[in-house]
Each structure stands twice: as C-alpha cells, then as structure tokens.
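Numbering (the working numbering), first residue to last: 2 to 134.
If you want it as structure tokens, here you go:
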C-alpha cells in the first residue's frame, strides 16, 4: 500500500485553514478593542448581512449588536450600520471598507454623530484590524 506524501497531506489541510480565514457566512471577527463583526449571510451577488457590536468603554451602546448591510467581493468588504434597533438609539452611523490579507481584516471606518456638547453634527474616522474569533 502506498501512503500519501507529506506534501499531499499538506494540500488536504490547506483549503480548510484558508476557509477559516475567509469572508464567509457565519464567521465572527474581533478587533483590538474587543468590538465584534458577525457575518451572518452573503448572497450570490455579494450582499452581506450581519451584526456589529462596539466594545468601546465610553460608548453608551457598548456591546449592543446592531444590524449591518454591505457587500463582499472576493477579499474586499464594505458595510454600514445605523446604531439603532428596537431597544436602543445611539445616534450614530458608521461605515467600514476594507480587505482581507493574511487572515486579518483591515478596515477603515467613518463615523457620523451629533455632538451634544457643541450641538453640531460631527465626523470621525480611523482604522482597525480584525482577526477571526
């Protein structure tokens, strides 16, 4: 009997590990702040649905999951969230655009909100790196 070479075994394992690092339905991603992106579904056209919950300590809606909608195209992703659901209205809207590389999701975000102190609408932006949870 002939046994598979170590190279053949490695090829069998490769697709499984690559799949665990893809933008796929039913995956969870967490950033360095502990905020979590959950991809629930991706349609044949790339349409994405899921949830996002922020873990920032000073955010009044910390750890509340809000719906997201967006798109996936290969290793690229774009999604948006209105921080409002049946039980909470946080008064913010955020969008993310990014790409997957080396098992990490690199995303740039833009946030629109109303600043109660200055009584003006404001914009903020930044970047985050997510890893599979």
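Think of the CB as a built atom: it goes at the ideal place given N, C-alpha and C, for glycine as much as any other residue.
Please read all numbers here as calculations on a predicted model, not as lab measurements.
Use the C-beta contact count for residue i: other C-beta atoms within 10 angstroms, 16 or more gives buried, fewer gives exposed.
i: residue 55; result: buried
i: residue 73; result: buried
i: residue 128; result: exposed
i: residue 117; result: exposed
i: residue 109; result: exposed
Excluding five sequence neighbours on each side, which residues of the same chain lie with their C-beta closer than 6 Å to the C-beta of residue i?
i: residue 39; result: 29, 51, 52
i: residue 83; result: 94
According to DSSP, residue i sits in a beta bridge with which residue or residues?
i: residue 34; result: Its beta-bridge partners do not exist; DSSP assigns none.
i: residue 109; result: 98, 128
i: residue 122; result: 115
Under 8 Å Cβ to Cβ from residue i, same chain only, skipping five residues before and after it: list those, please.
i: residue 34; result: 55, 56, 57, 129
Since residue i contacts residue j with CB under 8 Å, what's their CB separation in whole angstroms?
i: residue 106; j: residue 131; result: 4 Å
i: residue 36; j: residue 26; result: The pair is not a contact, with the Cβ atoms about 20 Å apart (cut-off 8 Å).
Please return the same chain residues whose Cβ sits closer than 7 Å to the Cβ of residue i, not counting the five positions on each side in sequence.
i: residue 99; result: 78, 106, 107, 108, 109
i: residue 63; result: 55, 56, 57
At least 3 beta-carbon pairs within less than 8 Å: the segment 112-122 vs the segment 82-94: yes
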